[in-house]
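Residues in the sequence shown are numbered consecutively from 67, following this note's numbering. For reference, the structure is listed below as structure tokens.
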Amino acid sequence: MSSLILKNATMRFGGITAVNNFSMTVPEGCITGLIGPNGAGKTTVFNMITGFYTPTEGSIHFNDRQISHLPPHKICKAGIARTFQNIRLFSTQSALQNVMVGFHVRQSNQWWMPPLFLHLREEKQIRRKAMELLERFHLRDVADMPAGSLPYGAQRRLEIARALATDPTFLLLDEPAAGMNPQESTELMSLITSVRNDYNLTILLIEHDMKVVMGVCSHIWVLEYGSCIAEGDPDHIRNNPKVIEAYLGEEYLKYA
Ligand code: ATP
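Okay, structure coming up:
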């Protein structure tokens, strides 16, 4: 069963074709990678899937539903959540408040209402669930600290926790290892895998850290100048001459 299908998706900005006729299937329950050089169109694909951009051409289906023309909040309600390449937390709010905001997406109350307006019991439940998520992401000890004051690695984990608070079935991670040291990125790999299992998620991952990509993805798609140049399992991708030339480089093979 396929959970996400892009058919001939194209995104143009004036004279620039950021994504060109891109078709991709992301199977349910899998961790799939989307890689390629800077400017290849990866984040634009995420922006199309999550409704930030409407594809100029082509279609996007999620669980057999056409989502290409839905606004971001409806796509979020359909079960798709994301993190951002440039971390987008509420930096002056605490880590706990950032995760609680994610839960509000699923509440009947209006999203803009601060916690004070929520029924007290409901707020208590959200707080408890948010603390559980923080615990899961090793952030319990910093729950009351402003999100912007946390180290990069912790901020990236916090973004994932907030995304999970929206109760998604499909999670898009945009460079989650960026800014992490080697130990943090190794821990991130097991976190991504365990979160996928525990929350029954399908994950699409953009990442430049090949240790992470090759370590967690079962299938990888490669973009260059907006077009797909290869797809396959990690072994196929790391040995594909086109991918080596366009992205990985010969050096990668020496150290892989
Ligand atoms: P990186 O690895 O550096 O994040 P990327 O593969 O995610 O790169 P995109 O950010 O999707 O690449 O950008 C693809 C191309 O589309 C780039 O040339 C970029 O400048 C262009 N682009 C993306 N968004 C817009 C926009 N809103 N307006 C104009 N051009 C855009």
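Each residue gets a CB set at the ideal place from its N, CA and C atoms; glycine is no exception.
Contact test: residue i Cβ vs the ligand ATP heavy atom, cutoff 7 Å
i	result
residue 152	no
residue 133	no
residue 203	no
residue 168	no
residue 82	yes
residue 105	yes
residue 143	no
residue 110	yes
residue 102	yes
residue 236	no
residue 79	yes
Residue interval of the beta strand (DSSP E) (run including residue i)
i	result
residue 278	Premise fails: residue 278 lies in the alpha helix (DSSP H), 276-282, not in any beta strand (DSSP E).
residue 296	293-298
residue 285	285-290
residue 268	268-272
residue 146	146-148
DSSP bridge partner residues for residue i (one or two, in chain order)
i	result
residue 132	127
residue 73	125
Element boundaries [alpha helix (DSSP H), containing residue i]
i	result
residue 257	248-264
residue 39	Because residue 39 is not part of the residues shown, which for the chain are 67 to 322, the question remains open.
residue 112	108-115
residue 137	Neither: residue 137 is in no alpha helix (DSSP H) and is coded neither H nor E.
Whole-angstrom C-beta distance between residue j and residue i, which should lie under 8 Å
i	j	result
residue 169	residue 225	15 Å between Cβ atoms; not a contact.
residue 108	residue 289	6 Å
residue 147	residue 213	The Cβ separation is near 17 Å, so there is no contact.
residue 220	residue 196	About 15 Å separates the two Cβ atoms, so there is no contact after all.
residue 99	residue 250	So it is not a contact: roughly 19 Å between Cβ atoms.
residue 70	residue 124	Their Cβ separation, rounded to whole angstroms, is 13 Å, which puts residue 70 and residue 124 out of contact at 8 Å.
residue 309	residue 296	5 Å
residue 269	residue 239	6 Å
residue 84	residue 90	That belief does not hold up - the Cβ atoms of residue 84 and residue 90 are roughly 15 Å apart, past 8 Å.
residue 299	residue 284	7 Å
residue 165	residue 216	So it is not a contact: roughly 13 Å between Cβ atoms.
residue 286	residue 101	6 Å
residue 205	residue 228	At roughly 11 Å, the Cβ-Cβ gap does not stay under 8 Å, so residue 205 and residue 228 are not in contact.
residue 137	residue 117	5 Å
residue 144	residue 126	With 8 Å as the limit, residue 144 and residue 126 do not qualify as a contact, their Cβ atoms being about 11 Å apart.
*Please list the segments of the alpha helix (DSSP H) lying wholly inside the segment 76-102, counting only runs of 4 or more residues, in order along the chain.*
none
_Contained beta strand (DSSP E) runs [length at least 3] in the segment 162-242, N- to C-terminal order_ = 236-240
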